[in-house]
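Novice:
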Amino acid sequence: MSNTIPQRVFSGVQPTGNLHLGNYLGAIKRFVELQDTFDCVYCVVDLHAVTTWQHPVELTSNIREVTAAFIASGIDPEKHIVFNQSQVAAHAELAWIFNCVARMGWLNRMTQFKEKAGKDREKASVGLFAYPTLMAADILVYRATHVPVGEDQKQHLELTRDIAQKFNNDFSDRIAATGCGVPMQVGDETVNGYFPLTEPVIGGPAARVMSLRDGSKKMSKSDPSDLSRIVMTDDADAIAKKFRKAKTDPDALPSETEGLADRPEADNLVGLYAALAGTDKASVLRDFGGAQFGTFKPALADLAVEKIAPIADEMRRLQADPAEIDAILKQGSQRASAIASSVISDVKEIVGFVGARG
Ligand code: AMP
Ligand code: TRP
C-alpha cells in the first residue's frame, strides 16, 4: 500500500523494568538505525505499563530508565521526539474512539492478552484487554506510516491496520466532506482515507530473541529466572555467567544456516551474535562453523560486553541526573502534543463532535 501521508516512524517501549537484550536488539537498536531516513517519534508507554500492577515509585524510575536507554543507545532527542505517553492526552482520547471502532471479536483473538491474562481472565484489568486499541491510537495519533517492533507485536500491528481501515470506511463521507482525507492506495483501489495503513518494520536476526534457559520461550521481562535474560545493566561477569549457563545442545555449530533448523538454542545464540555484530547468521557461521559452544559462548559474551557496557555506562550517567531526563521528556511531550492535538481535532470533526474546531 502506498499513500501520500508523509512518512513517519512511531514506536514504544513499556517501562516495566528488566530492559533486556531482546528489547535492545529487536527494537531500540532498530529505532536508532531508522533516524537517518525518517522523522521518528519514540515513546515510553507508561499508560500501557499500568495495564498490570506497577508500584508507583518503581514506575517513575522505570520511565527514566527506558528514556535513558533510548538516549544512551543513540536516539537523538533534539532531532526526533522522545516522550512519555501519559503526558499527551490525545493518546487516551483517540483510544476511546478506537474502543468504539474495534470489535470485541477482534480483541478476543489477541494472543498477547491470552498469555498475559493467564488462566484467570476474570481478574485481568479492562485495560489489559483494551491494550491493543491504545497501541493503535499511539501510532495513528501521529498518522505514523512505519512501526519498528519485535515479532511478538505483529498481531497488534495487523489490528492497527484493521482499525484504520474500518475508521476510514465508516467515516468515508465525512472524511471527504471535511477535506481532511488524503488519497491512498488500498489494493487496486484509490480511496480517500484519514489514517494510513501502517507498515510493520520487523526483521533481522533478533526479531524474536528467545530465553537463554528455554529456546521455545521468548526472552521476557517477566520470566521468573534472571538467568533467562541479559539485562542492559548486567556487568561483564553476569553476562559471561548467563551465556556460560545458557541451554544448548551438545553438537558443534553448523557451517550453514540450514543446520540451525530444529536447534532453537543454537539458532538463538547465533542470531544474538549476528545482531550484536551487525551482520547475519550465515556470516557468523562462516566464522564459527564447526566450533563447540565452549568456544562460541565466550566469544558471544565478549561481543555482548563490548556492545552493551558503553550503553549501560551512559544509562547510569544519565539516570544520575533525573531532572535532565525529565526535561527531555517534557520538551518531547510538548512537540508530540503539537502533532497529536491537530489529529485529534480532525478526528473529533470527522466523528461529528460539536466544538472541535477553533
Ligand atoms: P515491551 O518491553 O513489551 O514494551 O517491548 C518493547 C519492544 O521490544 C517491542 O518492540 C517488542 O516487540 C520488543 N521485544 C520484546 N521482547 C523481545 C524479544 N524477546 N525479542 C525481540 N524483540 C522483543
Ligand atoms: N505493545 C508494545 C510492546 O509491548 C509497546 C507499544 C505500545 C508499542 N504502543 C506502541 C509499540 C506503539 C509500537 C507502537 O512491546
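Using this note's numbering, read the sequence shown as starting at 50 and increasing by one per residue. Just so you know, even glycine gets a beta-carbon here, dropped at the ideal spot from N, CA and C.
(1) Given 7 Å as the limit, tell me if V198 has its C-beta closer than that to any heavy atom belonging to the ligand TRP.
(2) Touching or not, the segment 383 to 402 and the segment 133 to 148, by the rule of three or more beta carbon pairs under 8 Å?
(3) Within its chain, find whatever has a CB closer than 8 Å to the CB of G401; leave out the 5 residues flanking it on each side and keep chain order.
(4) Is R170 near the ligand AMP, with its Cβ less than 7 Å from a heavy atom?
(5) Since A87 and V196 are thought to touch, with beta carbons under 8 Å apart, how far apart are those beta carbons, to the nearest angstrom?
(6) Just verifying my parser: in three-state terms, what is the DSSP assignment at S391?
(7) Can you check DSSP and say which residues form a bridge with P249?
(8) Count the other C-beta atoms from every protein chain shown that fall within 10 angstroms of the C-beta of P55, then say buried if there are 16 or more, exposed otherwise.
(9) With distances taken between CB atoms, is the gap from D95 to L108 smaller than 8 Å?
(10) Got a sec? Which residues, its chain only, sit under 6 Å from T100 by beta carbon, not counting five neighbours each side?
(11) What residue range is occupied by the uninterrupted alpha helix (DSSP H) comprising C229?
(12) Assuming A76 and G199 are in contact, meaning their beta carbons sit under 8 Å apart, how far apart are those beta carbons, in whole angstroms?
(13) For the alpha helix (DSSP H) that V240 lies in, which residues bound it at each end?
(14) From T194 to F244, what distance separates their C-alpha atoms?
(15) Could you tell me the alpha carbon to alpha carbon distance between P467 and P273, rounded to whole angstroms?
(16) What separation, rounded to the nearest whole angstrom, lies between the Cα atoms of A315 and L302?
(17) Hey, would you say L349 sits closer than 8 Å to S304, going by beta carbons?
(18) DSSP state of S122, grouped into three classes?
(19) Please tell me whether, using a cut-off of 7 Å, the distance from the CB of N157 to the nearest non-hydrogen atom of the ligand AMP is below it.
(20) From Q368 to N72, what distance separates their C-alpha atoms?
(21) Within the same chain, show all residues whose beta-carbon is closer than 6 Å to that of V90, passing over the 5 residues directly before and after it, in chain order.
Specialist: Here's the rundown:
(1) Yes - the ligand TRP has a heavy atom lying nearer than 7 Å to the Cβ of V198.
(2) Yes, the segment 383 to 402 touches the segment 133 to 148.
(3) Only R223 meet the Cβ criterion.
(4) Closer than 7 Å to some heavy atom of the ligand AMP: that does not describe the Cβ of R170.
(5) Checking the sequence, you will find Phe at residue 87 rather than Ala. Between V196 and F87 the Cβ distance is about 11 Å, and since that is not below 8 Å, they are no contact.
(6) Looking at S391 - three-state DSSP - the assignment turns out to be helix.
(7) Under DSSP, P249 takes part in a beta bridge, and its partners are V196.
(8) Under this definition P55 is an exposed residue.
(9) Contact check for D95 against L108 passes: the beta carbons are separated by less than 8 Å.
(10) Excluding positions up to five away in sequence, the list reads S174, G176, L177, Y180.
(11) No alpha helix (DSSP H) holds C229; DSSP gives it neither H nor E.
(12) Contact flag correct, Cβ pair sits at about 6 Å.
(13) Segment 238 to 242 is the beta strand (DSSP E) holding V240; no alpha helix (DSSP H) there.
(14) Just so you know, the alpha carbons of T194 and F244 end up roughly 9 Å apart.
(15) Missing from the structure shown is residue 467; the chain here goes from 50 to 407 and no further.
(16) Using only the alpha carbons, I get a separation of about 7 Å.
(17) No, these two residues do not count as a Cβ contact at 8 Å.
(18) If DSSP states are grouped into helix, strand and coil, S122 belongs with the helices.
(19) Answer for N157: no, Cβ out of range of the ligand AMP.
(20) Going by the C-alpha atoms only, they are around 19 Å apart.
(21) Only F59, I130, Y191 meet the Cβ criterion.
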